[in-house]
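Numbering-wise, the working numbering comes out as the position in the sequence shown, counting from 1, plus 3.
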Amino acid sequence: MSTLLLGRWDHGGNLVITSSHQIEDGDQAAIDALVRAQDARTAWACEFDVDHHGDAVQRAYEEYVRDDDDADLIDEVQGFEPTTD
Numbered sequence: 004m005s006t007l008l009l010g011r012w013d014h015g016g017n018l019v020i021t022s023s024h025q026i027e028d029g030d031q032a033a034i035d036a037l038v039r040a041q042d043a044r045t046a047w048a049c050e051f052d053v054d055h056h057g058d059a060v061q062r063a064y065e066e067y068v069r070d071d072d073d074a075d076l077i078d079e080v081q082g083f084e085p086t087t088d
């Protein structure tokens, strides 16, 4: 299983996670259908090869947010706060 996170970049440069989906590894049809439903110009999506939402959020933070001192990751799905050390 993989976790597909969907979200958006807000006006402050923060990554906001708005939904999380468990999908079969590499199920491109499922990914395409979920991503296609996003309509925001600032939409973001990424599949992570992890089984748990919190692990995916942590990876999203490390790969997309950590190096930007002005950005934060906001998890609106489960309120998970990534480790920032």
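Every residue gets a Cβ at the ideal spot worked out from N, C-alpha and C, and that includes glycine.
Item to check | A43 in three-state terms, based on DSSP | outcome: coil
Item to check | Beta-bridge pairing of Q25 - partner residues as DSSP gives them | outcome: T6
Next on the checklist: If I follow the unbroken alpha helix (DSSP H) through D58, where does it start and stop?
Outcome noted: H56 to A63
Next on the checklist: On the CB-based measure, 16 or more other CB atoms within 10 Å of its CB, does D72 come out buried or exposed?
Outcome noted: exposed
Next on the checklist: Looking at the secondary structure, which residues open and close the beta strand (DSSP E) in which D78 lies?
Outcome noted: L76 to D78
Item to check | Spatial distance of E84 from E66 (CA atoms) | outcome: 15 Å
Checklist entry - Looking only at its own chain, which residues have a Cβ that is under 8 Å from the Cβ of R69, when we skip the five neighbours before and after it? => result T87
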